[in-house]
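Q:
Protein chains in written order, with our numbering: chain H, 233 to 783; chain B, 233 to 783.
(1) Which residues in chain B sit within 7 Å of residue 543/H, going by Cβ to Cβ distance?
(2) Classify residue 377/B as helix, strand or coil using the three-state DSSP reduction.
(3) For residue 574/H versus residue 607/H, is the C-beta spacing smaller than 8 Å?
(4) Can you name the residues of chain B whose CB is closer than 7 Å to the CB of residue 490/H?
(5) Could you tell me whether any Cβ in chain B is nearer than 8 Å to the Cβ of residue 278/H?
(6) Does the separation of the CB atoms of residue 730/H and residue 632/H fall below 8 Å?
(7) Check residue 489/B in the structure and name its three-state DSSP category.
(8) Closer than 8 Å, CB to CB, is residue 437/H near chain B or not?
(9) Spell out whether any CB of chain H is found under 8 Å from the CB atom of residue 493/B.
(10) Cβ of residue 299/B less than 8 Å from any chain H Cβ?
(11) Under a CB-based cut-off of 8 Å, is residue 501/H close to chain B?
(12) Assign residue 246/H to one of three DSSP states: helix, strand, or coil.
(13) Going by C-alpha distance, which of 322/B, 256/B, 673/B is nearest residue 288/B?
(14) Grab me the residues of residue 437/B's own chain with a C-beta within less than 6 Å of its C-beta, minus the 5 sequence neighbours each way, in chain order.
(15) For the stretch 490–563 of chain H, list the alpha helix (DSSP H) runs that are entirely contained and at least 4 residues long, ordered along the chain.
(16) Determine, using beta carbons only, whether residue 530/H comes closer than 8 Å to chain B.
(17) Mind checking residue 544/B: buried by the 16 CB within 10 Å criterion, or exposed?
(18) So which of 567/B, 455/B, 698/B, 675/B has the shortest CA-CA distance to residue 661/B?
(19) So if DSSP puts residue 585/H in a beta bridge, which residue, or which two residues, is it bridged to?
(20) So for residue 602/B, helix, strand or coil by DSSP?
(21) Could you pull the DSSP bridge partners for residue 456/H from this structure?
(22) First and last residue of the alpha helix (DSSP H) that includes residue 755/H?
(23) Opposite residue 683/B in the DSSP bridges: which residues?
(24) Which one of 727/B, 365/B, 719/B has the shortest CA to CA distance from residue 707/B?
(25) Tell me the start and end of each unbroken alpha helix (DSSP H) in the stretch 289–346 of chain B that is at least 4 residues and wholly inside, in chain order.
(26) From the beta carbon of residue 464/B, is the nearest beta carbon of chain H less than 8 Å away?
(27) For residue 280/H, which residues does DSSP report across the bridge?
(28) Using 8 Å for Cβ pairs, my map puts residue 565/H next to residue 587/H. What's the rounded Cβ distance?
(29) Let me confirm a value: residue 508/H is counted as buried when at least 16 other C-beta atoms fall within 10 Å, else exposed. Which label applies?
(30) The beta strand (DSSP E) spanning residue 477/B covers which residue range?
(31) Less than 6 Å between C-beta atoms, sequence neighbours within five positions excluded: which residues of the same chain meet that for residue 516/B?
(32) Could you give the residue range of the alpha helix (DSSP H) that holds residue 692/H?
(33) Going by the DSSP bridge assignment, what does residue 352/H pair with across the sheet?
(34) Is the CB of residue 455/H under 8 Å away from at least one CB in chain B?
(35) Among all the DSSP beta bridges, which residues are the ones paired with residue 413/H?
(36) Which one or two residues does DSSP pair with residue 652/B in a beta bridge?
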């Protein structure tokens, strides 16, 4: 389609659209009647019309219509420029307002009648208001996928690997609704979600060669090694009334920061439009995270997507860092039921310790934050709070607590675990926020808090700076130190390992006196021993690899 | 190039490379001798070889070589799997180590001799160690582009528009070195940098049509409406020993978050490699910023790139928010001289007030932070500190100070302006950081600080939470409120306007008593008046549009 005569172009466009729609219907009908799902050659219209078509032809002596000058405001200053005003008038009159409006300035009825009616109106068309088409997912009971935790700290196969059969069954249960998809770069298996391929495939219209696995013309998984494409697909899928989950390496989700920003802004604005129905939440599962990129190295370590996310309006963003598989199951179920949010879930895929029974996990995730009384000392008056958020920080915190309990048994330690990061913000900043009394009940008003955090440590300060005890909160997290090394060394390089955490606590507890100083110097030696051991053996010390929680 | 017989493929690859290099030399020679700069069809090699070529053919009964299974680790567990170990041995032996190493396990001299020598070694090739090729830019004296500030607060043509002739002359002075380029989406003119086109063009090998401007086969500006492409071009340009500046809309620089992350990580790592020479800094000029996106609306408002930047290692990141054109000139000069950093400069393009003479600007920018004694009350014991960082926050702060000085003249107000954001961090977190005594000297130890900030307010808390007076720092900034409205209303929607800032101060100054309460209620009425006025007139109140600083 190319031209500049508007009457000829109108006719040609109408003819082209008719032809294209006939082509599309032909392809659909062929697929539906003959079962030919070969990738069709969908029609594409290329329209080339003059830029700024029908606008001012010339302004200030320079060509405008058909040139780059018509890009923004072709007549820059009609209020002050005596030449621009008549040009503006002539331009506006070229639309022949006398044919469109009656003498009172009202749109003529026969013109108004041309507009589509009912659901053919742009904003009322359910395809543009996807919430109207939204049907809740049919979800299996996530509890039945639980790890049976008989011993606290027992290792499971990897948190996402435990959760994957739940996703698999979500796919099966919604097969007839056809309204759930899993999106991701080529990492669905690598992220531990391979179980979905027991019941579905990657949708794939390209060639299939011998040996390919899980590729089919129909499948509920969409993979392409382009985070942009995955995000765009998912946003379109949600906006048209369906549900989905985007699984991605944590560091590389930054690729879609800008797309996330726009989606979050869209959600915020539509929250205040009554006629817009809610759509399903945009769910991110960041399953290959900063602490276990030891074989990929520094390039794969960036937990900062959370910082981009929490810049957006609190009413639309949620961040979850489940400490184990049962918590991941509970959180995933919650996110798939939710609407009109962006949910970020960070979870590991490597075998790691399991802490909570399913009943405990449900209670913990529903609260979003909890004291783990079994790990510390019950009671109102702890000497120190050991807080953790994220799977690896939870492991290191509990290992640090073990050290402190063994060597300084007189210390009263409170262990607090955070699943829902937004619990830390004041309630006037985020609807999930604890009020100050609740916050103080966990973190005390004046005791040291050693906080091991999954992402950048300053994120915790940013969320908690208004709290009573903020000055005593000491956070460890990722601080851009990492390379290709052992898993435990990743935590050591960032001072978030069990030895550093225990030393951090002792430093803030002068009452531990000389005994504390001796424990500290033992821990400093442990760090040197760690360094020597991994340099020699290329793997972590047996006492680290084989560490288990002693009840 | 396609095949699987390695001997045939080696020969064919060598032939192909010879042919391709001859083609490239032919194109270059034709351009250099005949002056034919038409876009050539550069050769491209498409190589298709089996994936995992020469690795294990089959593992665990499944094909590996030539399939997706060879993507990561084809033999997963030779230490424990008795079938994998002999396979691994056979694979390793296929490289015929007995021909490569002598009986002592040392690489044979004739093999070692095949490696390139001197600067042909990969790491020693200056094209891969661009710092070796780096030549300092020849810079004009930035002072000669100064706005002559005869009255504080006088309006200039727009800060980037004042600075643009400096960039223009950088281009001219380095024309023969050919080592400076300006990169950006199609916004170099829109960002106020049009003056560069007085001496150069956009480099453009495509078709040129009548009416096109500033397109030529040779030019120092590279534009493409792809932030990714601009970032990639600039990184490559810097890594090969040249200098550049990327101008971009602030909200859309998030598009390259992930690319920035990798460049910053590269800088951090290479800082610790002695053989790597320093390269020129990556300079961002974010010139169409959140506070003046009033006609573009909410989608164009996101000042959060700074949060991504300050997550990276302090040794490589710098953030500057010059309050006026003379400061922008000073900061730009500094950034173009610097090496091995990422510099982010945020500046406006709209006519805005000028505060400092060039001498004052140089002193202010060199310090990075300063008390503006002319705007407040000299002396050691202020009642309140009014702090500002960014051009629009500075304007609103000074307008708020005017209000307070007029209505509550007995108040002692200190005005502090921040150019270099990293001054706020503790020195152990960032090399630019003020020490605590210096910080307290600006912000006091116990007086209220009303801080108007260009970006998200919590960024300031994150930088200052360790400071003595942090509990009294009250920050206003962008909090995701915005739409298509007037420029001043943008600040009102985010509570960062002069009226809110003055009210914020009064609220924290109980000594203003009943008089303060009356001023507050007058200001609240001003905000209602503003709302009524813009709803009726579609532009800001005359007293806002026409506001000037009274000395």
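Just so you know, even glycine gets a beta-carbon here, dropped at the ideal spot from N, CA and C. Given the structure is predicted, the values throughout are model-derived calculations rather than measurements.
A: In short, the structure shows the following:
(1) Translated into the one-based positions of the first chain, residue 543/H becomes position 311. 536, 539, 688, listed in chain order.
(2) As a first step, residue 377/B is located in the second chain; it is residue number 145 there, counting from the start. In this structure, residue 377/B counts as helix in the three-state DSSP scheme.
(3) Locating residue 574/H in the first chain gives position 342, counting from the first residue. Locating residue 607/H in the first chain gives position 375, counting from the first residue. Taking 8 Å as the Cβ cut-off, residue 574/H and residue 607/H do not qualify as a contacting pair.
(4) Taking the first chain and counting its residues from 1, one reaches residue 490/H at position 258. By Cβ distance, chain B contributes 484, 486, 487.
(5) Counting from 1 along the first chain, the entry for residue 278/H is found at position 46. For residue 278/H, the answer is no, since every Cβ of chain B falls outside 8 Å of its Cβ.
(6) The residue you call residue 730/H lines up with position 498 of the first chain. The residue you call residue 632/H lines up with position 400 of the first chain. Yes, they are a contact pair.
(7) Residue mapping note: residue 489/B aligns to position 257 of the second chain, counting from 1. Correct three-state label for residue 489/B: helix.
(8) If you number the first chain from 1, residue 437/H lands on position 205. Answer no: the Cβ-Cβ gap between residue 437/H and chain B never drops below 8 Å.
(9) Here the question's residue 493/B lines up with position 261 in the second chain. Taking Cβ atoms only, chain H reaches closer than 8 Å to residue 493/B, which makes this a yes.
(10) Taking the second chain and counting its residues from 1, one reaches residue 299/B at position 67. Yes, residue 299/B counts as interfacial toward chain H.
(11) By one-based count along the first chain, residue 501/H stands at place 269. Yes - at least one Cβ of chain B is within 8 Å of the one on residue 501/H.
(12) Within the first chain, residue 246/H is the residue found at index 14, counting from 1. Three-state DSSP puts residue 246/H in a helix.
(13) Here residue 288/B is taken as the residue at index 56 of the second chain, counted from 1. Residue 288/B has its Cα closest to that of 322/B, out of 322/B, 256/B, 673/B.
(14) Start at 1 with the first residue of the second chain, and residue 437/B comes out as number 205. Cβ neighbours of residue 437/B beyond the five flanking positions: 271.
(15) 537–542
(16) Residue 530/H sits at position 298 when you count from the first residue of the first chain. Answer yes: the Cβ-Cβ gap between residue 530/H and chain B drops below 8 Å somewhere.
(17) On the second chain, position 312 is the one that residue 544/B refers to. Residue 544/B comes out buried.
(18) As a position in the second chain, residue 661/B is number 429, starting the count at 1. Out of 567/B, 455/B, 698/B, 675/B, 698/B has the C-alpha closest to the C-alpha of residue 661/B.
(19) In the first chain, residue 585/H corresponds to position 353, counting from 1. Residue 585/H is bridged to 387/H.
(20) Looking up residue 602/B in the second chain gives position 370. Three-state DSSP puts residue 602/B in a strand.
(21) Numbered from its first residue, the first chain carries residue 456/H at position 224. Note: residue 456/H sits in no beta bridge, so no partner.
(22) By one-based count along the first chain, residue 755/H stands at place 523. Where residue 755/H is concerned, the enclosing alpha helix (DSSP H) stretches over 745–769.
(23) If you number the second chain from 1, residue 683/B lands on position 451. In DSSP, residue 683/B forms a bridge with 619/B, 707/B.
(24) Here residue 707/B refers to the residue found at position 475 when the second chain is read from its first residue. Selected option, being the one with the closest Cα: 727/B.
(25) 316–325, 329–332, 341–344
(26) Here the question's residue 464/B lines up with position 232 in the second chain. Taking Cβ atoms only, chain H never reaches closer than 8 Å to residue 464/B, which makes this a no.
(27) As a first step, residue 280/H must be located in the first chain, where it is residue number 48. According to DSSP, residue 280/H bridges with 234/H.
(28) Along the first chain, read from residue 1 onward, the residue named residue 565/H stands at position 333. Along the first chain, read from residue 1 onward, the residue named residue 587/H stands at position 355. That belief does not hold up - the Cβ atoms of residue 565/H and residue 587/H are roughly 18 Å apart, past 8 Å.
(29) Here the question's residue 508/H lines up with position 276 in the first chain. Flag for residue 508/H reads buried.
(30) Position 245 of the second chain holds residue 477/B. Note, residue 477/B: beta strand (DSSP E), 475–481.
(31) In the second chain, residue 516/B corresponds to position 284, counting from 1. Correct list, in chain order: 478, 576.
(32) Here residue 692/H refers to the residue found at position 460 when the first chain is read from its first residue. First-last of the alpha helix (DSSP H) with residue 692/H: 690–696.
(33) Locating residue 352/H in the first chain gives position 120, where the first residue counts as 1. Beta-bridge pairing links residue 352/H to no other residue.
(34) As a position in the first chain, residue 455/H is number 223, starting the count at 1. Not closer than 8 Å to any Cβ of chain B, the Cβ of residue 455/H fails to qualify, so no.
(35) Here the question's residue 413/H lines up with position 181 in the first chain. DSSP, once it has assigned bridges, lists 476/H as partnering residue 413/H.
(36) In the second chain, the residue the question calls residue 652/B occupies position 420. According to DSSP, which records beta bridges pairwise, residue 652/B is partnered with 552/B.
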